[in-house]
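Novice: In terms of the working numbering, the sequence shown opens at residue 16 and continues consecutively.
Sharing a structure, written as structure tokens. Questions coming.
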Amino acid sequence: MSANYLETMIKRDEIDRYYQNGRDFIDDDAIRAEIADNAKPDKARIRDILQKSLAIETLQGPDVAALLSVEDPELLAEMADVAWKVKHKVYDNRVVTFAPMYISSYCINRCRYCGFSADNSRGLRRCLTQEEIKAEAEAMIRLGHKRVMAVYGEHPMTGADFISKSLETIYSAKVPGRHEGAVNCVRRINVNAAPMSVDDLKKVHEAGIGTFQVFQETYDHKAYAAMHPADTVKGDMGWRLTCMHRAFDAGIDDVGLGVLFGLQPDWKFDVAAMCVHARELERYSGIGPHTFSVPRMHAASGSEVANAKSNFTDDDFFRAVLVLRLSVPYTGLIVTARESKELRDRCVRIGLTQMDAGTRIDIGGYAAGNKDQKIDEQQFLLGDNRSLEQMIVDLAKQGIITSFCTAGYRCGRTGGCIMDALKTGREGTFCKINAVLTYREWLDDFASPESIRACEPVIEAELAAIKEMYPKFYPVVMERYNRICAGERDLYF
Ligand code: SAM
Ligand code: SF4
16 MSANYLETMI
26 KRDEIDRYYQ
36 NGRDFIDDDA
46 IRAEIADNAK
56 PDKARIRDIL
66 QKSLAIETLQ
76 GPDVAALLSV
86 EDPELLAEMA
96 DVAWKVKHKV
106 YDNRVVTFAP
116 MYISSYCINR
126 CRYCGFSADN
136 SRGLRRCLTQ
146 EEIKAEAEAM
156 IRLGHKRVMA
166 VYGEHPMTGA
176 DFISKSLETI
186 YSAKVPGRHE
196 GAVNCVRRIN
206 VNAAPMSVDD
216 LKKVHEAGIG
226 TFQVFQETYD
236 HKAYAAMHPA
246 DTVKGDMGWR
256 LTCMHRAFDA
266 GIDDVGLGVL
276 FGLQPDWKFD
286 VAAMCVHARE
296 LERYSGIGPH
306 TFSVPRMHAA
316 SGSEVANAKS
326 NFTDDDFFRA
336 VLVLRLSVPY
346 TGLIVTARES
356 KELRDRCVRI
366 GLTQMDAGTR
376 IDIGGYAAGN
386 KDQKIDEQQF
396 LLGDNRSLEQ
406 MIVDLAKQGI
416 ITSFCTAGYR
426 CGRTGGCIMD
436 ALKTGREGTF
446 CKINAVLTYR
456 EWLDDFASPE
466 SIRACEPVIE
476 AELAAIKEMY
486 PKFYPVVMER
496 YNRICAGERD
506 LYF
């Protein structure tokens, strides 16, 4: 990639302005020292820390490090118990579902672990046209999806203008529903794309982006440099580290962080560093990340790194999720279909808040009705291939309600407003009620009679809980619930 091209893509002043004393906010040595200094906490200290998590306080570095060091199964079980309580307090008994829409596999970067790397000559390249994006959105709507994560490689073809246009196209897709006159559509689009400049982020903001997600991959400067060649845009770690600061400056107050576990051996470092990032965003804008994602590296076309066996185990994964849940208690936690059903189920019980389902990551895969995975046609391989309906029923059997709620974003409950609501547990009330309303809609519009029967007890339990917890509000909830049963759609609080 030419030096000129890098200069046009990366706005140096839009990195430097967020540095303090000429440095980015990740001090590798300090984070490692903190982990070493807190390696042997006693039980009483861990229990004190858990009280802070229960009070929905963001933990400081030494406390995060102490939680990371816990190996004792009994103490881990206590942490898991508190993580579940924290999740309930903030987000209630629901798991929000979404599905990714992979729009383009063209990429100028050469990340060593990714099937879309420009170095991979085996992969089939494709970028959906606006017509194909609409067809893909319609196919997803027919499967029952209401929340889409639009995913793009980094390429001049898929810059901010293209991303904004594709959001408009997805929002414009409409599919008739089961009830007379009912229309289904996508109600929220989150975006996972490369870092952008403030001006470009303003365009995407105006097009109606939900959460803007960029995964840091790793916060370890040396490991980052080893995975991302220096002559690529992504090779500039500062451009990536500061992208959420730019998002806030562009008016996007809903952002998602993530690390790619398995990329470097020290997973504890990346958990601690992602918490540093969250605290840095709180410092900068008063608003922390809306979500943490915990992708783990999986086999990918043409990638020796991704196809090598990683030493990052399922138990490590579980502990990473547990510590994140407790360390930044207000934040949503996404565990994607990269992981197996069994591991995702374990994570549900410690406070995962979002899961994708019925996932296709081949470009145009929903509209084509593809069923099998083909390694050369997708970024990596998935571990959980359940349909959306199957996942909803499986969660129902565990007493958990699946939510399609998009109300917070559409009612302006984002940014500082949502942070306060989450920290005080107020958002949990909306979550609970909107989960029931959107679940009822989904069951009536998409589920088989058998699935409806399996899910009905969850609705009954949730409505009974709402009646008990909010007796004065219950009649208003029931009024909307009954309107939905009669065929009205998109009612929320
Ligand atoms: N191209 C953009 C970027 O890199 O920021 C965004 C989209 S990229 C398609 C989404 C994420 O997929 C990356 O941030 C990375 O964490 C993840 N990913 C890449 N290769 C992977 C692999 N082999 N297994 C699992 N996840 C992978
Ligand atoms: Fe491109 Fe993103 Fe893949 Fe890197 S991870 S090669 S930037 S699509």
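All C-beta atoms, glycine included, are put in the ideal place defined by N, C-alpha and C.
Using C-beta distances below 7 Å, list every residue in its chain close to leucine 21, excluding the 5 sequence neighbours before and after it, in chain order.
Specialist: Start at 1 with the first residue of the sequence shown, and residue 21 comes out as number 6. Result list for leucine 21: Val248, in chain order.
Novice: Please state if the CB of isoleucine 185 and the CB of alanine 165 are separated by a distance shorter than 8 Å.
Specialist: Reading the sequence shown from its first residue, position 150 is the one you call residue 165. Reading the sequence shown from its first residue, position 170 is the one you call residue 185. Going by C-beta atoms, alanine 165 is nearer than 8 Å to isoleucine 185.
Novice: Jot down the residue ranges of each uninterrupted alpha helix (DSSP H) in the segment 359-391, minimum 4 residues, whole runs only, in chain order.
Specialist: With a minimum length of 4 residues, the continuous alpha helix (DSSP H) runs that stay inside the segment 359-391 are 380-383.
Novice: Regarding proline 310 and ligand 1, is the C-beta to nearest heavy atom distance less than 7 Å?
Specialist: Locating residue 310 in the sequence shown gives position 295, counting from the first residue. Yes; taking the cut-off as 7 Å, the Cβ of proline 310 has a heavy atom of ligand 1 nearer than that.
Novice: Would you say histidine 170 lies against chain B (beta-carbon separation less than 8 Å)?
Specialist: Looking for chain B here will not work: only one protein chain is present.
Novice: Answer yes if the segment 338-345 comes into contact with the segment 72-84, meaning at least three C-beta pairs across the two stretches below 8 Å, and no otherwise.
Specialist: Touching, yes, given that three or more Cβ pairs across the two stretches are closer than 8 Å.
Novice: Taking C-alpha atoms, which residue in Arg255, Asp235 and His243 lies nearest to phenylalanine 227?
Specialist: Sequence index remark: in the sequence shown, residue 227 carries index 212 (1-based). Closest option to phenylalanine 227, Cα to Cα, is Arg255.
Novice: Give me, in chain order, the residues of the same chain whose beta-carbon lies closer than 7 Å to that of arginine 375; leave out the 5 immediate sequence neighbours on both sides.
Specialist: Along the sequence shown, one-based indexing puts residue 375 at 360. Correct list, in chain order: Tyr381 and Asn385.
Novice: State yes or no: is the C-beta of phenylalanine 488 within less than 8 Å of the C-beta of glycine 159?
Specialist: Sequence index remark: in the sequence shown, residue 488 carries index 473 (1-based). Sequence index remark: in the sequence shown, residue 159 carries index 144 (1-based). Cβ distance not < 8 Å, so phenylalanine 488 and glycine 159 don't count as in contact.
Novice: Is isoleucine 7 near valine 201, with beta carbons less than 8 Å apart?
Specialist: Shown here, the chain extends from 16 to 508; a query on residue 7 therefore has no answer.
Novice: So, with DSSP's three-state summary, where would you put glycine 174?
Specialist: Counting from 1 along the sequence shown, the entry for residue 174 is found at position 159. Here glycine 174 sits in coil by DSSP.
Novice: Can asparagine 205 be considered in contact with ligand 2, in the sense that its beta carbon sits closer than 7 Å to one or more heavy atoms?
Specialist: Stepping through the sequence shown from its first residue, residue 205 is reached at position 190. Not under cutoff, so the answer is no.
Novice: I think arginine 311 touches glutamate 357, with their Cβ atoms under 8 Å apart; what is that distance to the nearest whole Å?
Specialist: For the purposes of this step, residue 311 is taken as the residue at position 296 of the sequence shown. For the purposes of this step, residue 357 is taken as the residue at position 342 of the sequence shown. Between glutamate 357 and arginine 311 the Cβ distance is about 14 Å, and since that is not below 8 Å, they are no contact.
Novice: Helix, strand or coil: how does DSSP classify proline 88 here?
Specialist: Walking along the sequence shown from the start, residue 88 turns up at place 73. Proline 88: helix per DSSP, three-state reduction.
Novice: So what does DSSP say about glutamine 413, is it helix, strand or coil?
Specialist: As a position in the sequence shown, residue 413 is number 398, starting the count at 1. Here glutamine 413 sits in coil by DSSP.
Novice: Would the segment 119-134 and the segment 311-322 be scored as touching if the rule is three or more Cβ pairs under 8 Å?
Specialist: Counting Cβ pairs under 8 Å, three or more are found: they touch.
Novice: Does the segment 472-486 touch the segment 167-180, meaning 3 or more C-beta pairs lie closer than 8 Å?
Specialist: Output reads no: the segment 472-486 does not touch the segment 167-180.
Novice: Could you check the C-alpha separation between cysteine 426 and phenylalanine 445 for me, to the nearest Å?
Specialist: By one-based count along the sequence shown, residue 426 stands at place 411. By one-based count along the sequence shown, residue 445 stands at place 430. Whole-angstrom Cα-Cα distance: 11 Å.
Novice: Are the CB atoms of alanine 287 and alanine 48 nearer to each other than 8 Å?
Specialist: Translated into the one-based positions of the sequence shown, residue 287 becomes position 272. Translated into the one-based positions of the sequence shown, residue 48 becomes position 33. No; because the gap between Cβ atoms is not below 8 Å, this pair is not in contact.
Novice: Express the C-alpha separation of serine 463 and aspartate 87 in angstroms, rounding to a whole number.
Specialist: Locating residue 87 in the sequence shown gives position 72, counting from the first residue. Locating residue 463 in the sequence shown gives position 448, counting from the first residue. Each residue's alpha carbon lies about 44 Å from the other.
Novice: According to DSSP, which residues form a beta bridge with tyrosine 117?
Specialist: Translated into positions along the sequence shown, residue 117 becomes position 102. Paired residues: Val166.
Novice: Can you tell me whether DSSP reads proline 304 as helix, strand or coil?
Specialist: For the purposes of this step, residue 304 is taken as the residue at position 289 of the sequence shown. Here proline 304 sits in coil by DSSP.
Novice: Buried or exposed: which applies to glutamine 393, given that a residue is buried once 16 or more other Cβ atoms fall within 10 Å of its Cβ?
Specialist: In the sequence shown, counting from the first residue as 1, residue 393 sits at position 378. Result: buried.
Novice: Measuring CB to CB, does cysteine 362 end up less than 8 Å from phenylalanine 327?
Specialist: Your numbering for residue 362 matches position 347 in the sequence shown. Your numbering for residue 327 matches position 312 in the sequence shown. No.
Novice: I'd like to confirm something about tyrosine 167: is its beta-carbon nearer than 7 Å to some heavy atom of ligand 1, or not?
Specialist: Within the sequence shown, numbered from 1, the residue matching residue 167 stands at position 152. Yes, ligand 1 has a heavy atom inside 7 Å of this Cβ.
Novice: Considering only heavy atoms of ligand 1, does any lie closer than 7 Å to the CB of lysine 128?
Specialist: Translated into positions along the sequence shown, residue 128 becomes position 113. The displayed chain sequence assigns tyrosine, not lysine, to residue 128. Correct: tyrosine 128 has its Cβ closer than 7 Å to ligand 1.
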